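Worksheet: one structure, shown below.
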Amino acid sequence: MNQLMGCCGLDCGTCEARKATLENNDALRAKVAADWSRLNGFEIKPEWINCEGCRTQGVKTVYCEQMCAIRPCVLGKGYATCHDCAEKDLCPKLAVIKN
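With the first letter of the sequence shown counted as 1, position 16 gets the number 278 in the numbering used here; the numbers rise by one all the way through.
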């Protein structure tokens with residue numbers, strides 16, 4: 263399994279938050295924070311944008327570590343991604359990424 267594939271199935275390898283972390287790029291952190299704030303309907307601060315990937319060892323964003331309902335569900339069930347779950351088509355947790 264590709265360790266840069268997020269628990270939800272999104273590609274952490276192309277995530278701007280991961281790119282900002284690896285490049286230590288504060289301008290990109292600010293852009294991601296603004297984008298994610300609009301998408302999520304609450305303020306996400308640039309200093310929270312530090313992540314090396316959902317399934318990798320290392321730092322995670324506040325959202326990925328503490329707020330995402332998908333990651334603990336997948337890890338708790340021992341799956342690689344939501345794709346492995348028989349309940350994926352009806353899962354309300356996945357509605358976040360389906361929209």
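Think of the CB as a built atom: it goes at the ideal place given N, C-alpha and C, for glycine as much as any other residue. This one's a predicted model, so the numbers in the text were calculated from it and none came from an experiment.
Query: Excluding the 5 residues flanking Arg280 on each side, which residues of the same chain have their C-beta closer than 7 Å to its C-beta?; Result: Cys274, Cys313, Glu314 and Gly315
Query: What are the residues that DSSP puts in a beta bridge with Met267?; Result: Asp273
Query: Taking the CB atoms as reference points, tell me whether Ile306 and Ala292 lie closer together than 8 Å.; Result: no
Query: Compare the C-alpha of Glu309 against each of Tyr341, Cys330, Thr283 and Leu356 and name the closest.; Result: Thr283
Query: With distances taken from CA atoms, which of Gln328, Tyr325, Arg333 and Asn302 is nearest Arg317?; Result: Arg333
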